[in-house]
Every structure is written in structure tokens, then in C-alpha cells.
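Asker: For the sequence shown, our numbering gives the first residue as -4, with consecutive numbering after it.
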Amino acid sequence: MQNAVGNTTKLLRSCVEPKLHIGVLALQGAFAAHAQALRDCGAEVRLVRTQEDLNGIQGLVIPGGESTTMSNLLVASGLSEVLKERFQHGFPVFGTCAGMIMLAETILDGRADQISLGALELDVRRNGYGRQNDSFEQDIVVHSFETPFHALFIRAPVIEAVGSDVEVLASWGDRPVLVRSGNALACSFHPELVSDLRIHRIFLSLVENFSVTNPR
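1) Taking Cβ to Cβ, would you say alanine 25 is nearer than 8 Å to glycine 59?
2) Let me know the secondary structure DSSP gives glutamine 31 once reduced to three states.
3) From the DSSP output, in three-state form, read off valine 11 for me.
4) Tell me whether the beta-carbon of leucine 117 lies closer than 8 Å to the beta-carbon of valine 161.
5) What is the residue span of the beta strand (DSSP E) that phenylalanine 214 lies within?
6) Could you tell me the alpha carbon to alpha carbon distance between leucine 42 and glycine 51, rounded to whole angstroms?
7) Let me check understanding here. Comparing Cα to Cα, which of Glu80, Asp35, Lys14 and Gly90 lies closest to valine 21?
8) Rounding to the nearest angstrom, what Cα-Cα distance links phenylalanine 205 and threonine 64 in this structure?
9) Under three-state DSSP, which class holds asparagine -2?
10) Spatial neighbours of leucine 68 within its chain, please: C-beta separation below 7 Å, excluding the five flanking residues on both sides.
11) Which residue or residues does DSSP assign as beta-bridge partners of histidine 185?
12) For glutamate 47 and glutamate 187, what's the separation of their Cα atoms in angstroms?
13) Report the rounded CA-to-CA distance for alanine 165 versus valine 137, giving the unit in angstroms.
14) In chain order, what residues of the same chain lie with their CB nearer than 6 Å to the CB of alanine 146, ignoring the 5 residues before and after it?
15) Excluding five sequence neighbours on each side, which residues of the same chain lie with their C-beta closer than 7 Å to the C-beta of asparagine 141?
16) Can you name the residues that DSSP bridges to leucine 117?
17) Check whether the Cβ atoms of serine 62 and arginine 121 lie closer than 8 Å to each other.
18) So is arginine 150 buried or exposed if we call it buried at 16+ other beta carbons inside 10 Å?
19) Should cysteine 10 go down as buried or exposed, given a rule of 16 or more other Cβ atoms within 10 Å for buried?
20) Output the residue ranges of the beta strand (DSSP E) runs that lie fully inside the stretch 21 to 89 and measure 3 residues or longer, sorted by chain position.
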């Protein structure tokens, strides 16, 4: 598969509306930190646990956590098929760590009963950077950022391959760690655990641009 380089610079320069309505999937995982980061960016936040919680939101964040548990809870809540349908129509979504695994088209070492939401043409491997004891911090260079982003990798998944329509926004070594395709954004690390809000602002710019052409 080949990487595609798109234009993310204009997204960063977009003026984000102060009251975008963003959902954070709150079935399991590190959803509270994402909710706070989004509020710090000026967004209204709703925790999403049911299909009804999706009403009125303009984008969704899927946090880190345990991907197999999250998969089971998505199916049990009835959210999995609803989200697949939304993502097929360009609904903005941002997945971090386990959230990225959920968005990937192919989970190379996933369990037989583990679902994929298929929002990004990625091949990923769970815990590809190692277990909890192998967690690490790294400054990474992000496309269009003037200074590096300090990234925390905690039991992080590895992106093994990306599709031709996937834009690689940052890599560590020879591996992509921050990617975007259309209105779907994903990363291997945990941007919600640092005070730097620039990656969340990329997502809010995607949401804003989508909302302009798809008003509620």
C-alpha cells in the first residue's frame, strides 16, 4: 500500500467554532481526559453510551482502552452498526490507541469475535510497541506543526500498512503514528494525556468543515 500526502495545513488554519458538539465514546477506556481536552478547545462534549447519545453530535472521539472489551461493548450497546453506517457517509471520527484499532479496516492479530468499524484503510497490530512495561514518550514531528509534539505511547498499536487514500501526518522511525483519511483521524499514542491541544484541534477542524457542508 502507498501513502498519500494531503493538505492538512489549511485544516489547522481553520477557525474552529467555539461550540461544536462532540461525542466521546464512554463505554470503556480513557474517555474523561479526551472530554476535558475537547472542552479546553471550546467544544461542547457529550459522553456517548447509547444510540440516543449520538443525536445532535457533530463528531465522535473513540478513546484508548482495551480494544477487545470495547468491541464487545459496542456490539452489546447496538452502536457498532450505527457507527459503521455514519462513518461510511463521512461522519468525523478520531480514534486514539485502542480507538485507532477499532477504526482500522484490518486488525492483524485481532480475536475472531473482534469487530472493526472500518473507517480507515489501515492494517494494525495490537500492542505492537510492547506491553505496559514497554510504554515510552517521544517527541514526534507532525506535518504542518512548527514544533514537535510530545507523544505518550502506552501499549501502543503499530500501523503495519496504510491505504492509498491515507495521509500520514507523523511517523516514528519507519512507522506511521498519526494518520488521516477524509474525516477520520487516528493515532497510536495518547494526545489527551498531555497539555498540547494541537491534535484535538486538527479533529475539530475536520468536524467544522464537515458541519459547514452537512448542517444539522
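Virtual Cβ for every residue (Gly too), placed ideally from N, Cα, C.
Answerer: On the basis of the supplied data:
1) Taking 8 Å as the cut-off, the Cβ atoms of alanine 25 and glycine 59 count as close.
2) DSSP places glutamine 31 in helix when its eight states are reduced to three.
3) Residue placement at valine 11 cannot be trusted, given a pLDDT of 47 that sits under 50; the coordinates are not used to answer.
4) Taking 8 Å as the Cβ cut-off, leucine 117 and valine 161 qualify as a contacting pair.
5) Because the chain here runs from -4 to 211, residue 214 falls outside it and cannot be looked at.
6) Rounded to the nearest angstrom, the two C-alpha atoms are 12 Å apart.
7) Sequence inspection shows alanine at residue 21; the valine mentioned does not correspond to that position. For the options Glu80, Asp35, Lys14 and Gly90, the alpha carbon positioned closest to that of alanine 21 is the one of Gly90.
8) Phenylalanine 205 and threonine 64: Cα-Cα distance of roughly 30 Å.
9) Because the pLDDT at asparagine -2 is just 45, under 50, the model does not fix this residue reliably, and the point stays unresolved.
10) Sequence-distant Cβ neighbours of leucine 68 in its own chain, meaning closer than 7 Å and more than five residues away, are Leu22 and Gln23.
11) Its beta-bridge partners do not exist; DSSP assigns none.
12) About 25 Å.
13) If you take the alpha carbons of alanine 165 and valine 137, they lie about 5 Å apart.
14) Answer for alanine 146: Gln133, Ile135 and Phe184, listed in chain order.
15) A small correction: the amino acid at residue 141 is glutamate; asparagine does not occupy that position in the sequence shown. So no residue of the chain qualifies.
16) In DSSP, leucine 117 forms a bridge with Val157.
17) For serine 62 and arginine 121, yes; Cβs fall inside 8 Å.
18) Under the 10 Å beta carbon count, arginine 150 is surrounded by 16 or more other beta carbons and is classified as buried.
19) Any reading at cysteine 10 must be qualified, since the residue scores a pLDDT of 43, below 50, and its modelled position is unreliable; no value is offered.
20) List check, beta strand (DSSP E) in window: 39 to 43 and 54 to 57.
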